[in-house]
Amino acid sequence: MLFPSVEWFQALCNAANANPERFRRLGTVDLVLVAKIDYPHQSRLFEIVFSGYHCAGVREVSSTRAAREGAVILEGPFEAWKEMVANIKANGQADLAHTLNTLTLYDTPMRVWAESQLDTDLFYRYQQNLQEFFDSASHFETEFAGPEATSVYN
Amino acid sequence: MQHYSPAVERVLDHMSEVRGGKLDLSWMNSNPGGWGVRATPRDERGLGLEDLNQVGIYGEVPDHGGEHGSMAPRGAEVPADTPALGCYDINDKSLVWADNVALLYDEAVARQWSSARDVPWDKLKPLPDDLEKAMCQLCTGLTEVEFIAGDMPAKWMWHINHDFHEVKCFLATQIADEARHLEVFRKRALANGGGLLKASPGSEQLLRAIIEAPDYTTASSLMHILAEGFVLTLFRNGEMLALSEVEKKIFRLCMQDEARHVAYGTMHLKYFLEKHPERAEDIHEILRHGEEAIFGLSMEPQTSEPRAILAGGGVDHIFEGMAKLGYLYTKQVREYLHRLKVAGLDRSSRLAIPLELPS
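If you read the sequences in order, they're chains A and B.
Each residue of the first sequence is one higher than the one before, starting from 228 at the first, in the numbering used here.
Each residue of the second sequence is one higher than the one before, starting from 105 at the first, in the numbering used here.
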């Protein structure tokens, strides 16, 4: 599975939806998360919609403004994303140094933000679900697309 | 033959009449405006409290709660002779309401966790003394402060008019959350060869300000937005400083609960200030007091030093850790100011504490 791509994020969605009991126990999530992968001269953005106990869909968007209202942006350079995903694959889940919270707390190497602080707070409010969502990348092989990878918007 | 009180005798007489075929059944014709509704779940998450507020008169939350002063459910027919309980004196919706409160209650119920079951306690490992002591001190402090968010709602809940049951239900979940936080930090302190260390006089000053706040909204602003907002960052910091999967999970799960409480407090203050803009100065004043107290607490050695030791990786690296915590302090204050701005209160020029720590 190529990272980043709609298919890659959809695979995470499928994994979450295939394990409804696990996510039912973690609780409901109502969130629009945009994963923003930054290359030196461009970015690729993937909008992931969570509703209740389900991941409701993934699409690539052209900019943060094109995402749904209230979207929470999780952004970082491609290398940081690559290291996180590779770490998840190597350990079966993110190790202590590569959890979403740890990677974003100091705003480097990754950062989380939204137009409203209350929306940013959703990232904290659903942290366990989001961690397990990304941890499911350990279940499949990932190939990494370099900076030459093109967005559907390029 | 046994003799009963007059009250019991009256019930026995009534039961005798029922056995004789004299039924009342007047209740079957009560509340016609509330009959025939069919609440439905909005989706697969099940029938939530918020869903009930989509049907007929049941979703009409009055600006002023019922004057009957009883626990009669909102939307029911209340007989004229229903006695008041005499305790409900918060009767104005604006004093407690938040537009997200029913949804937050539904979410809270769906997201309860167990500190016994959901934390992988078997993954604790022996640690160097300085790190174990730092983690135990951090947990001592959190065990001390967490239940303020149980005691404060408990102080006000029984004053809140029963027509605002959504608020009372949400606050009940918050009390359960805080009970869990108290126990999980106490458990961590006692589970790895350490123990509780030093309590915090500085904490008590802030806790007293919350408990003694003159009304619910000032107490909520202090606790839900200022204190819990700061603790939310502390939990994020704790997750990062975790020494094992145990602390990772503890702080992550607590972080989720805390963010829910902050969401209620922020939206309550917004609702309140929209209805009572003239009260903004009262909120400013209580927050000024709270900011000073929380600043003193944050800089107290038993609060700041353990985090610096954990951030630095040991007592030999405590100054490196302190430098890292300076950035987080600024982030903590900025997020607090942003939440207040969402609520309609701009404190950016009136902040009583530094935005950045001296380097």
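Glycine is no exception: its CB is placed at the ideal position from the N, C-alpha and C atoms.
In this text, all values refer to a predicted model and were calculated from it rather than measured experimentally.
Any Cβ of chain B within less than 9 Å of the Cβ of residue i?
i        : result
Gly373/A : no
Arg222/A : The question about residue 222/A has no answer here: the residues shown for chain A are numbered 228 through 381.
His325/A : no
Tyr280/A : yes
Asp362/A : no
Under 7 Å between beta-carbons, which chain A residues line up against residue i? List them in chain order, please.
i        : result
His442/B : Gln344
Leu336/B : Tyr351
Lys352/B : Leu323, Thr326
Tyr431/B : Tyr333
Arg284/B : None at all; the shortest Cβ gap to chain A is about 14 Å.
In chain A, what lies closer than 9 Å to residue i by C-beta?
i        : result
Asn341/B : Leu332
Thr370/B : Gln344, Leu345, Asp348
Glu439/B : Gln344, Thr347, Asp348
Between residue i and residue j, which are expected to be in contact by the criterion C-beta below 8 Å, what is the C-beta distance as a whole number of angstroms?
i        : j        : result
Gln344/A : Glu171/B : No, Gln344/A and Glu171/B are not in contact; Cβ-Cβ is about 38 Å, not under 8 Å.
Ala180/B : Pro410/B : 52 Å between Cβ atoms; not a contact.
Lys353/B : Gly448/B : Not quite, the Cβ-Cβ distance comes to about 36 Å (not below 8 Å), so this is no contact.
Phe305/A : Asp348/A : About 27 Å separates the two Cβ atoms, so there is no contact after all.
Leu235/B : Leu338/B : Actually they do not touch by this definition, with Cβ atoms about 18 Å apart.
Leu320/B : Leu208/B : In the sequence as presented, Leu is not what sits at residue 320/B; that position holds Tyr. The pair is not a contact, with the Cβ atoms about 17 Å apart (cut-off 8 Å).
Phe360/A : Leu239/A : 6 Å
Gln406/B : Gly245/B : 6 Å
Leu153/B : Pro145/B : Leu153/B to Pro145/B, Cβ: 11 Å. No contact.
Ala415/B : Leu345/B : 6 Å
Phe236/A : Phe273/A : 5 Å
Would you say residue i reaches chain A, if we count a Cβ-Cβ gap shorter than 9 Å as a contact?
i        : result
Ser219/B : no
Gln278/B : no
Ser452/B : no
Val446/B : yes
Ser325/B : no
Leu347/B : yes
Lys229/B : no
Lys197/B : no
Lys237/B : no
Lys428/B : yes
Lys435/B : yes
In chain B, what lies closer than 9 Å to residue i by C-beta?
i        : result
Arg352/A : Glu211, Arg215, Met359, Gln360, Asp361, Glu362, Ala363, Arg364, Val366, Ala367
Gly254/A : Glu211, Ala212, Val213, Ala214, Arg215, Gln216, Trp217, Gln360
Asp265/A : Here the premise fails: no neighbours, minimum Cβ distance about 21 Å.
Under 8 Å between beta-carbons, which chain B residues line up against residue i? List them in chain order, please.
i        : result
Thr329/A : Glu343, Met344
Mind pulling the chain A residues with CB within less than 8 Å of residue i?
i        : result
Asp147/B : Ser278, Gly279
Arg292/B : Neighbours of Arg292/B on chain A: none; closest Cβ ~16 Å, over 8 Å.
Arg356/B : Thr326, Asn328, Gln354, Gln355, Gln358
Whether or not the region 218-226 of chain B and the region 300-316 of chain B are in contact is what I'm after, with contact meaning three or more pairs of Cβ atoms, one per stretch, closer than 8 Å; do they touch? no
* To do: Count the CB pairs spanning the region 329-339 of chain B and the region 195-206 of chain B that are closer than 8 Å, and state whether there are at least three.
  => no
Alpha helix (DSSP H) segments (min. 4 residues) lying fully within the region 304-339 of chain B:
305-315, 320-324
- [ ] Would you be able to state if there are at least three C-beta pairs under 8 Å between the region 268-283 of chain A and the region 242-260 of chain A?
- [x] yes
Q.
Check whether the region 354-373 of chain A and the region 345-363 of chain B touch, using three or more Cβ-Cβ pairs below 8 Å as the test.
A. yes
List in chain order: all unbroken alpha helix (DSSP H) runs of 4+ residues lying wholly within the region 414-450 of chain B. 422-447
- Message: So, does the region 319-332 of chain A touch the region 286-300 of chain A, judging by three or more C-beta pairs under 8 Å?
- Response: no
Notebook entry, point to check: Going along the chain, which unbroken runs of the beta strand (DSSP E) with 3 or more residues stay wholly within the region 340-378 of chain B?
Noted result: none
- Would you list, in sequence order, the uninterrupted alpha helix (DSSP H) runs of no fewer than 4 residues that lie entirely inside the region 254-336 of chain A? 305-318, 327-332
Three Cβ pairs or more, each shorter than 8 Å: is that satisfied between the region 279-294 of chain B and the region 157-169 of chain B?
no
Check your understanding: Mind pulling the beta strand (DSSP E) runs of 3 or more residues that sit fully within the region 105-160 of chain B?
Key -> none
For the structure I just gave you, are there three or more beta carbon pairs, one from the region 256-267 of chain B and one from the region 384-394 of chain B, closer than 8 Å? no
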